[in-house]
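Taking the working numbering, the leading residue of the sequence shown gets 352, the next gets one more, and so forth. For reference, the structure discussed in these notes is given below.
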Amino acid sequence: MLALWNKLKRRRDHEAPPPDANRRIRRTYEGDVYNAPEFKLEATWLTDAGCVRENNEDNARFQTTTKASLMVVADGVGGHSAGEEASRLAVESICQRFFDSSDAINDALREAFAEANQAIFRAAQSRFDWQGMGTTATALVISNGQAFAAQVGDSRLYLVRDERIYQLSEDHSAVMEMVRMGVMTLAEAEGHEDRNIILRALGTKPEVAVTVWEKPFPVRVGDRFVLCTDGLFDLVSDEEIKTILTAAPADQSTGDICRQLVELAKANGGYDNITVGIVQVTTGAFHSKEQS
């Protein structure tokens, strides 16, 4: 296993990338926003330090304008303040650059991730204790009734639709690369001890390969998108995520569902930081609220 991983790492390291306030342990956002005349989006994110770690290196943000609605989750690496700084820079840079851009959605997402990568990489060079820091990032955009996404690392994006769950992202991890190479099965990868070793992260190198959907797809009323870090999906299975979302009463808020998912991950050990965001497509009157 070690020899295979070293071989894989050497190949990845030499593979040229394509051109292309005060901290709080637990934070949350809840709100409803219009996205298109026929849709309303209810959006919530919640991040929690978990049961073991004192600091929280995860981060998330939801932001909306007349252009689009964007949710980002990020899982920092580097330890203590470095991981926190990397994930904070990621969500701030991605949101700012995306909404400042006048380009098409996919191009704006790619530019936003590239800008975040540069911001984190520059910051890492400015302090000794930040050297080597990085972060995952997964972003969902909904605009004019269509969904777009971009990703670096292993934070995930799911869709729950018609009582089924679909993983819309693909982990940029060592074990998933081995699955793609036919070295191990998906079932073996899910329980492998190295499943959290990632091959891509924002900020660890001057350039990074960003996965951006080539084409968007239409959203439907009732769709629920789930963005989460490995602190959730390592401890709460896809089937459990689906069951919690599909069993929720129609009047249950996405905030309540987020809290239910986080509490389940903590009940199952909570050994990592836990972040989950839900964007639900609904119809109805507009209102918004924010909590922290």
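In this text, a Cβ means the ideal position worked out from N, Cα and C, and glycines have one as well.
Exercise for review: Quick one: grab the DSSP three-state call for residue 575.
Suggested key: Counting from 1 along the sequence shown, the entry for residue 575 is found at position 224. Taken through DSSP and simplified to helix, strand or coil, residue 575 comes out as strand.
Check your understanding: How about the region 602-613 and the region 508-517: do they share at least three Cβ pairs that are nearer than 8 Å?
Key -> Between the region 602-613 and the region 508-517 there are fewer than three C-beta pairs closer than 8 Å, too few to call the two in contact.
Review point. What is the DSSP secondary structure of residue 426, reduced to helix, strand or coil?
Key: By one-based count along the sequence shown, residue 426 stands at place 75. Reduced to three states, the DSSP call for residue 426 is strand.
Point to revise | residue 410 at chain C interface by Cβ criterion, 9 Å | key: Absent from the structure: chain C. Only one protein chain is present.
Review point. Around the C-beta of residue 575, are 16 or more other C-beta atoms found within 10 angstroms, so that it is buried, or is it exposed?
Key: Locating residue 575 in the sequence shown gives position 224, counting from the first residue. By the C-beta density criterion, residue 575 is buried, having at least 16 other C-beta atoms within 10 angstroms.
Practice item. Give a yes or no on contact between the region 557-577 and the region 487-500, applying the rule of three or more CB pairs nearer than 8 Å. Key: Contact between the region 557-577 and the region 487-500 is present: 3 or more CB-CB pairs across the two stretches fall below 8 Å.
Check your understanding: Short check: CB of residue 420 to CB of residue 630, under 9 Å?
Key -> The count along the sequence shown starts at 1 and reaches residue 420 at position 69. The count along the sequence shown starts at 1 and reaches residue 630 at position 279. Cβ distance < 9 Å, so residue 420 and residue 630 count as in contact.
Check your understanding: Within this structure, are the beta carbons of residue 597 and residue 391 separated by less than 9 Å?
Key -> The residue you call residue 597 lines up with position 246 of the sequence shown. The residue you call residue 391 lines up with position 40 of the sequence shown. The answer is no: Cβ separation not under 9 Å.
Check your understanding: Where residue 446 and residue 581 are concerned, what is the direct C-alpha to C-alpha distance, given to the nearest angstrom?
Key -> Translated into positions along the sequence shown, residue 446 becomes position 95. Translated into positions along the sequence shown, residue 581 becomes position 230. Using only the alpha carbons, I get a separation of about 22 Å.
Check your understanding: Taking the alpha-carbon positions, what's the residue 516 to residue 441 distance?
Key -> Here the question's residue 516 lines up with position 165 in the sequence shown. Here the question's residue 441 lines up with position 90 in the sequence shown. Near 27 Å, if we compare the C-alpha coordinates of residue 441 and residue 516.
Practice item. Determine the DSSP secondary structure at residue 643, reduced to helix, strand or coil. Key: Looking up residue 643 in the sequence shown gives position 292. Residue placement at residue 643 is flagged as unreliable, the pLDDT there being 34, under the threshold of 50; the coordinate-derived value follows with that caveat. Correct three-state label for residue 643: coil.
Review point. Can the beta-carbon of residue 328 be found less than 9 Å from the beta-carbon of residue 615?
Key: This structure leaves residue 328 out entirely; the chain is present only between 352 and 643.
Review point. Based on the DSSP secondary-structure assignment, which residues constitute the bridge partners of residue 447?
Key: Translated into positions along the sequence shown, residue 447 becomes position 96. Within the DSSP bridge table, the entry for residue 447 names no partner.
Exercise for review: Figure out for me which residue from 437, 417 and 411 has the closest Cα to the Cα of residue 423.
Suggested key: Stepping through the sequence shown from its first residue, residue 423 is reached at position 72. In terms of CA proximity to residue 423, 411 leads the group 437, 417 and 411.
Point to revise | Nonlocal neighbours in the same chain, by C-beta distance under 6 Å from residue 463, ignoring five residues either side | key: The residue labelled residue 463 in the question sits at position 112 within the sequence shown. Closer than 6 Å at the Cβ level, and outside the excluded window around residue 463, lie 445, 448 and 449.
Exercise for review: Would you give the residue range spanned by the beta strand (DSSP E) that residue 620 belongs to?
Suggested key: Reading the sequence shown from its first residue, position 269 is the one you call residue 620. Taken as a continuous stretch (DSSP letters only), residue 620 belongs to no beta strand (DSSP E), as it is neither H nor E.
Check your understanding: residue 585 by DSSP, collapsed to three states: which one?
Key -> By 1-based counting over the sequence shown, the position of residue 585 is 234. Three-state DSSP puts residue 585 in coil, outside helix and strand.
Exercise for review: Quickly, what does DSSP pair residue 413 with across the bridge? List them, please.
Suggested key: Position 62 of the sequence shown, counted from the start, is the residue given in the question as residue 413. In the DSSP assignment, residue 413 is bridged to 422.
Exercise for review: Return yes when at least one heavy atom of the ligand GDP lies under 8 Å from the C-beta of residue 562, else no.
Suggested key: As presented, the structure is devoid of all ligands, the ligand GDP included, so that no description of it is given.
Exercise for review: Along the alpha helix (DSSP H) that carries residue 498, what are the first and last residues, could you check?
Suggested key: Translated into positions along the sequence shown, residue 498 becomes position 147. Residue 498: not part of any alpha helix (DSSP H); member of the beta strand (DSSP E) spanning 497-503, first to last residue.
Practice item. On the DSSP bridge assignment, give the partners of residue 399 in chain order. Key: Against the sequence shown, residue 399 aligns to sequence position 48. Under DSSP, residue 399 takes part in a beta bridge, and its partners are 625.
Exercise for review: Pull up the distance between the alpha-carbon of residue 552 and that of residue 483, whole angstroms please.
Suggested key: Here residue 552 refers to the residue found at position 201 of the sequence shown. Here residue 483 refers to the residue found at position 132 of the sequence shown. Distance between the alpha carbons of residue 552 and residue 483 is about 10 Å.
Review point. Exposed or buried, residue 628, counting other C-beta atoms within 10 Å across all chains shown (16 or more means buried)?
Key: In the sequence shown, the residue the question calls residue 628 occupies position 277. Classification of residue 628: buried, given that the 10 Å Cβ count is 16 or more.
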